Structures are given as structure tokens and as C-alpha cells.
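Student: Sequences listed follow chains U and S, in order. Each step along the first sequence adds one to the number in my numbering, with nothing skipped, and position 72 is 72. Each step along the second sequence adds one to the number in my numbering, with nothing skipped, and position 111 is 229. First, the structure itself, so that you have it in front of you.
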Amino acid sequence: MLYQRYIEIGRVCYIRLGEHAGKTCVVVDMVDQKHLLVDGPMSGVPRSTIRLNQVAITDLKIAIPRGCKTNKVRVELTKADISTKFAKTSLSKKAEAKKDKAGLGDFERFKLRVAKTT
Amino acid sequence: VNSSTTKQWYQRRVAITAGRQVPVQKSPRFYPTEDVKRPLTNRRKVKPTKLRSSIKPGTVLILLAGAHRGKRVIFLKQLPSGLLLVTGPYKINGVPLRRVDQAYVIATSTVVEIPAIANDKLTDAMFKRKAKPTKNEREMFIENTSEEPKISAERIALQKEVDAVVVPAVKKVEMLPSYLRSKFTLTKGQFPHQLKF
Numbered sequence: 001m002l003y004q005r006y007i008e009i010g011r012v013c014y015i016r017l018g019e020h021a022g023k024t025c026v027v028v029d030m031v032d033q034k035h036l037l038v039d040g041p042m043s044g045v046p047r048s049t050i051r052l053n054q055v056a057i058t059d060l061k062i063a064i065p066r067g068c069k070t071n072k073v074r075v076e077l078t079k080a081d082i083s084t085k086f087a088k089t090s091l092s093k094k095a096e097a098k099k100d101k102a103g104l105g106d107f108e109r110f111k112l113r114v115a116k117t118t
Numbered sequence: 119v120n121s122s123t124t125k126q127w128y129q130r131r132v133a134i135t136a137g138r139q140v141p142v143q144k145s146p147r148f149y150p151t152e153d154v155k156r157p158l159t160n161r162r163k164v165k166p167t168k169l170r171s172s173i174k175p176g177t178v179l180i181l182l183a184g185a186h187r188g189k190r191v192i193f194l195k196q197l198p199s200g201l202l203l204v205t206g207p208y209k210i211n212g213v214p215l216r217r218v219d220q221a222y223v224i225a226t227s228t229v230v231e232i233p234a235i236a237n238d239k240l241t242d243a244m245f246k247r248k249a250k251p252t253k254n255e256r257e258m259f260i261e262n263t264s265e266e267p268k269i270s271a272e273r274i275a276l277q278k279e280v281d282a283v284v285v286p287a288v289k290k291v292e293m294l295p296s297y298l299r300s301k302f303t304l305t306k307g308q309f310p311h312q313l314k315f
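Below you can see the structure in the form of C-alpha cells.
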């Protein structure tokens, strides 16, 4: 198999770019070759269309019918406990580390630089 | 003229002038031919530049311009002129007691705990550049052979006095002296608007 993860109904995705960058969402339907209908009731992503390139696929998947309502998505997300599962993924950990690095002050950056070279 | 009517007239005049109102400033008898321009009233009160909320005594600042650009210094206080008084400290990075404009400075979030320095000599007058004596035509071609030292002994003494308070406070914080010794630079992928100081 060329790819391990597929964009499919119920696939949990991580939004890389755009207004909701950094949040996870679930694929509810496909609009066309480049757009998805996503929903993230637990992570604060409203039900909306999104471009495929704004999104990164995760390993996680939930069982929902195509085009189902937001409440159904919420129920299935809590049943599968996606939020804790996602926090364990390396993608989530890398995003956290990147956020921490961006929040460093000038002195902390200096200390980090010294620690790296020693 | 009948004396009784004059008296009556006089009495009447007194009664009239008793209640009369005369302006203190009378309108002028003479007006210039062209309107005389008067400057507009200026009621502006000069205040020292508003100090950024991120700058507090003991804050580490990054100098952005001048001979010491890139160096990190300790902020002491704002002088009445609005300029900031900073020190390297001199022994650590070679920046003496110096005045610096707020606009040419980045304030970092690092603050060193310094006891308040109350020194009468730390004023604008102390740091103002001395005007060179103007030479007349004859003296212009004679080289200045005065033996005046570049930095006055008074300044050196003041520097030692202030740094005696600042340096121990700096040494208390781990890695701070080497941090002040280093210069601020931007490396690849670093953009000032994305950096947090």
C-alpha cells in the first residue's frame, strides 16, 4: 500500500493553517477534490469547509455516517476519547514543543543556545 | 449765567457720574493700517516621554543603535529629559553609564532586582556633551594641544559607584553575566516580529 492513512468520513485531522490552526477536526463529508466538510465540536472548530492542504491526517478515526449532524460527531468523539488519544500522538507533542519554543524570551533563548553547544 | 442753575447742573452731573461705569481698558485711539499678526496661544506643558510599561528599573534592554548596538544593558532610571539611563555594567560589556532613547531599545522580559539607586549626580547635566570652545580665525589653524583626558575622573568614579550596586545583583542570577556579555543577533529563520523578548 502506498499510503497508510486515508482521508475518509470520520478521519480525525489536525488543522495546520488558517483561522483554526492547531486544532483537530473530523471529516464529515467531501465537497470536491480539494475541499472537505469538517466539524470539531470538542475543539471549537465550527462545521465548515476547509481546503485539503490546510489539514494533516492523523491515525485516529471515528465511525460516523456521511454528513451527520454535529451532535452525533460530538457523541462519537467523546465515546472514542479522541482528545486524550490525540494528545499522545507525536504530531500533538511536536506542536506543543513548537509552541513552547516560540514562547521563549530572549534570556531563555540564550540559555537554550548555550545548553545546545555545551 | 444764573448761579442757581449752574449749581443744579453741577449737582445733576455729580448724581450722573456717581453711578457711571467707565471701562478700565479703553479701545485704542489709533489702529495700524494693516492687521498685526499675533501668534496663537500655546498652553502646552512639556512632559517627559511616556515610559513603556515593559521598561522597569532593572530591566535588561537590547540597544539597537549607536556604538553599542546589539548589546544587552541594565536600565536604571528615566531622566527628566525623557532619555533612559543605562549601564552595561561597564566591567561586563563595556557599556558605561549612558543615556539612550526609548525608541532605539528593545525591552526584554528579564528584570534584575537592583536596590534603588538614589544618586544626586545622575542627571541630564552630568551626561550632556560639553560644547567645544569656538576658535577664532587665528586659532583655527593651531592644533589643540590640551592635555584633557577623554573621560573625566568624576565619571569614572560615578561608574564605579553605580556598578558596585548593580554587578553583585547581576551575578546573583545564573548565566546573566554571560548573557549581558553576549550580543543580540538574528539567525536564519528568526524574525523580530515573531520573536518574544
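Just so you know, even glycine gets a beta-carbon here, dropped at the ideal spot from N, CA and C. The model shown is predicted, which means the values in this text are computed figures rather than measured ones.
DSSP state of lysine 85 of chain U, grouped into three classes?
Tutor: Working through the first sequence from its first residue, we reach residue 85 of chain U at position 85. Three-state DSSP puts lysine 85 of chain U in a helix.
Student: What residues in its chain sit with their C-beta under 7 Å from that of arginine 16 of chain U, if we drop five residues either side in the sequence?
Tutor: Position 16 of the first sequence, counted from the first residue, corresponds to residue 16 of chain U. Cβ within range, chain order: Gln54, Val55 and Ala56.
Student: Mind checking which residues open and close the beta strand (DSSP E) that includes threonine 70 of chain U?
Tutor: In the first sequence, counting from the first residue as 1, residue 70 of chain U sits at position 70. Premise fails: threonine 70 of chain U lies in the alpha helix (DSSP H), 70-80, not in any beta strand (DSSP E).
Student: Strictly by DSSP, which residues pair up with aspartate 153 of chain S?
Tutor: Mapped onto the second sequence, residue 153 of chain S falls at position 35. In DSSP, aspartate 153 of chain S forms no bridge with anything.
Student: So, at 8 Å on beta carbons, what are the nonlocal neighbours of asparagine 234 of chain S in its own chain, with the 5 sequence-adjacent residues on each side left out?
Tutor: The residue given as residue 234 of chain S occupies position 116 in the second sequence. A small fix is needed here, since residue 234 of chain S is alanine in this sequence, not asparagine. Result list for alanine 234 of chain S: Pro175, in chain order.
Student: Comparing alpha-carbon positions, which option in U:Leu2, U:Gly40 and U:Leu104 lies nearest glycine 22 of chain U?
Tutor: Residue 22 of chain U sits at position 22 when you count from the first residue of the first sequence. Checked all of U:Leu2, U:Gly40 and U:Leu104; the closest Cα to glycine 22 of chain U is U:Gly40.
Student: Only counting runs of 3 or more residues, tell me where the beta strand (DSSP E) segments fall wholly within the region 36-65 of chain U, in order along the chain.
Tutor: Those beta strand (DSSP E) runs which fall completely within the region 36-65 of chain U and span 3+ residues are 45-51 and 55-61.
Student: Anything in chain S within Cβ reach of aspartate 106 of chain U, meaning under 9 Å, just list it in chain order.
Tutor: Locating residue 106 of chain U in the first sequence gives position 106, where the first residue counts as 1. Correct list: Val178, Ile180, Arg190, Ile224, Thr226, Ser227, Thr228, Tyr297, Phe302, Leu313, Lys314 and Phe315.
Student: Report the residue from S:Ile180, S:Asp242 and S:Val223 whose alpha carbon sits nearest the alpha carbon of proline 166 of chain S.
Tutor: Reading the second sequence from its first residue, position 48 is the one you call residue 166 of chain S. Residue S:Asp242 is the option with its Cα nearest to proline 166 of chain S.
Student: Enumerate in chain order the residues of its own chain whose CB-to-CB distance from lysine 289 of chain S is below 7 Å, with the five nearest sequence positions on each side excluded.
Tutor: Walking along the second sequence from the start, residue 289 of chain S turns up at place 171. So the qualifying residues of the chain are Pro295.
Student: Closest to isoleucine 173 of chain S by CA distance: which of S:Gly188, S:Leu203 and S:Thr159 is it?
Tutor: Along the second sequence, read from residue 1 onward, the residue named residue 173 of chain S stands at position 55. The option with the nearest alpha carbon to isoleucine 173 of chain S is S:Leu203.
Student: DSSP three-state label for threonine 226 of chain S, please.
Tutor: As a working note, residue 226 of chain S is residue 108 in the second sequence. Threonine 226 of chain S: strand per DSSP, three-state reduction.
Student: Decide if tyrosine 14 of chain U is buried, meaning its Cβ has at least 16 other Cβ atoms within 10 Å, or exposed.
Tutor: Walking along the first sequence from the start, residue 14 of chain U turns up at place 14. The residue in question, tyrosine 14 of chain U, is buried, as its Cβ has 16 or more Cβ neighbours within 10 Å.
Student: Whose C-beta lies closer than 8 Å to the C-beta of threonine 79 of chain S among residues of the same chain, with five residues either side of it excluded?
Tutor: Only positions 119 to 315 of chain S appear in the structure, and residue 79 of chain S is not among them; the question remains open.
Student: Considering only residues of the same chain and omitting the five flanking positions on each side of histidine 35 of chain U, which have a CB-CB separation below 8 Å?
Tutor: Counted from its first residue, the first sequence places residue 35 of chain U at position 35. Thr49, Ile50, Arg51 and Leu52, listed in sequence order.
Student: Under 8 Å between the Cβ atoms of valine 143 of chain U and threonine 58 of chain U?
Tutor: What is shown of chain U runs 1 to 118, which leaves residue 143 of chain U out entirely.
Student: Quick one: list the residues of chain S neighbouring alanine 63 of chain U, beta-carbon separation under 7 Å, in chain order.
Tutor: Position 63 of the first sequence holds residue 63 of chain U. The contacting residues do not exist; alanine 63 of chain U stays about 40 Å from chain S at best.
Student: Please classify asparagine 254 of chain S: is it buried, with 16 or more other beta-carbons within 10 angstroms of its beta-carbon, or exposed?
Tutor: Here residue 254 of chain S is taken as the residue at index 136 of the second sequence, counted from 1. Asparagine 254 of chain S is exposed by the Cβ-count criterion.
Student: Taking 8 Å as the threshold (beta carbon to beta carbon), is alanine 80 of chain U in contact with chain S?
Tutor: Translated into the one-based positions of the first sequence, residue 80 of chain U becomes position 80. Output row for alanine 80 of chain U: interface = no.
Student: By alpha-carbon positions, which one of S:Thr124, S:Val218, S:Arg187 and S:Ile224 ends up nearest to asparagine 211 of chain S?
Tutor: To locate residue 211 of chain S, count along the second sequence from 1; it is residue 93. The option with the nearest alpha carbon to asparagine 211 of chain S is S:Arg187.
Student: Under DSSP, the alpha helix (DSSP H) around isoleucine 121 of chain U begins and ends at which residues?
Tutor: Here chain U covers residues 1 to 118 and nothing more, so residue 121 of chain U does not appear.
Student: Less than 8 Å between the C-beta atoms of aspartate 106 of chain U and threonine 228 of chain S, yes or no?
Tutor: The residue given as residue 106 of chain U occupies position 106 in the first sequence. The residue given as residue 228 of chain S occupies position 110 in the second sequence. Their beta carbons are under 8 Å apart, which means aspartate 106 of chain U touches threonine 228 of chain S by this criterion.
Student: At which residues does the beta strand (DSSP E) containing lysine 195 of chain S begin and terminate?
Tutor: Here residue 195 of chain S refers to the residue found at position 77 when the second sequence is read from its first residue. Segment 190-196, the beta strand (DSSP E) holding lysine 195 of chain S.
Student: Determine the direct distance from the alpha carbon of lysine 209 of chain S to that of isoleucine 274 of chain S, and round the result to whole angstroms.
Tutor: The residue given as residue 274 of chain S occupies position 156 in the second sequence. The residue given as residue 209 of chain S occupies position 91 in the second sequence. Cα-Cα distance, rounded: 12 Å.
Student: Which bits of chain S does valine 114 of chain U rub up against, with CB to CB less than 8 Å?
Tutor: Your numbering for residue 114 of chain U matches position 114 in the first sequence. Going along chain S in sequence order, the residues near valine 114 of chain U (Cβ under 8 Å) are Met293 and Ser296.
Student: Specify the secondary structure class of methionine 1 of chain U as computed by DSSP and reduced to three states.
Tutor: By one-based count along the first sequence, residue 1 of chain U stands at place 1. Here methionine 1 of chain U sits in coil by DSSP.
Student: How many Å lie between methionine 30 of chain U and serine 171 of chain S at the Cα?
Tutor: Mapped onto the first sequence, residue 30 of chain U falls at position 30. Mapped onto the second sequence, residue 171 of chain S falls at position 53. Cα to Cα, methionine 30 of chain U sits roughly 50 Å from serine 171 of chain S.
Student: Could you give the residue range of the alpha helix (DSSP H) that holds aspartate 106 of chain U?
Tutor: If you number the first sequence from 1, residue 106 of chain U lands on position 106. Looking at the DSSP string, the run of the alpha helix (DSSP H) that includes aspartate 106 of chain U is 106-117.
Student: In whole angstroms, give me the CA-to-CA distance for valine 114 of chain U and leucine 179 of chain S.
Tutor: Within the first sequence, numbered from 1, the residue matching residue 114 of chain U stands at position 114. Within the second sequence, numbered from 1, the residue matching residue 179 of chain S stands at position 61. About 20 Å.
Student: Can you look up leucine 203 of chain S in the DSSP assignment and give me helix, strand or coil?
Tutor: Within the second sequence, the letter at position 85 stands for residue 203 of chain S. Strand at leucine 203 of chain S.
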